[in-house]
Amino acid sequence: MLHTMSTTVEPASERSAAEVNEEIRALWLRSGGTLTTEQREEYQRLVMEWAAAAPHSDRAA
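First residue of the sequence shown: 74, per the numbering used here; consecutive thereafter.
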C-alpha cells in the first residue's frame with residue numbers, strides 16, 4: 074500500500090517498520106540525495122515513526 078506524505082504521525086500499529094522504511098527510501102530518491110528544510114522535517118517524522126514501529130531486542134516477543 075502506497076502512503077502519501079502526511080504532516081501527522083500515524084500510530085505505529087498502522088504501518089510496519091518496513092513500510093515506513095520504504096517511504097524514507099522514496100523520500101531520499103525523490104530528493105536526489107539532498108533534502109530541503111521541508112523534506113528534512115518529513116524525514117525526521119518518518120524516522121520517529123520507524124523507531125516506534127521497529128522491533129527492539131529488549132522487548133518481549
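Glycine residues also receive a C-beta, built at the ideal position from the N, C-alpha and C atoms.
Where does residue i fall in DSSP's three states?
| i | result |
| --- | --- |
| T109 | coil |
| S130 | Because S130 carries a pLDDT of 49, less than 50, the predicted location of this residue cannot be relied on, and the following value inherits that uncertainty. Three-state DSSP puts S130 in coil, outside helix and strand. |
| R88 | coil |
Which same chain residues, not among the five before or five after residue i, have their C-beta less than 8 Å away from its C-beta?
| i | result |
| --- | --- |
| I97 | Y116, L119, V120, W123 |
| A127 | A90 |
| N94 | W123 |
For residue i, count neighbouring Cβ atoms within 10 angstroms of its own Cβ and tell me buried if that reaches 16, exposed if not.
| i | result |
| --- | --- |
| R88 | buried |
Once the 5 residues before and after residue i are set aside, which same chain residues still bring their CB inside 7 Å of it?
| i | result |
| --- | --- |
| Q112 | L100, S104 |
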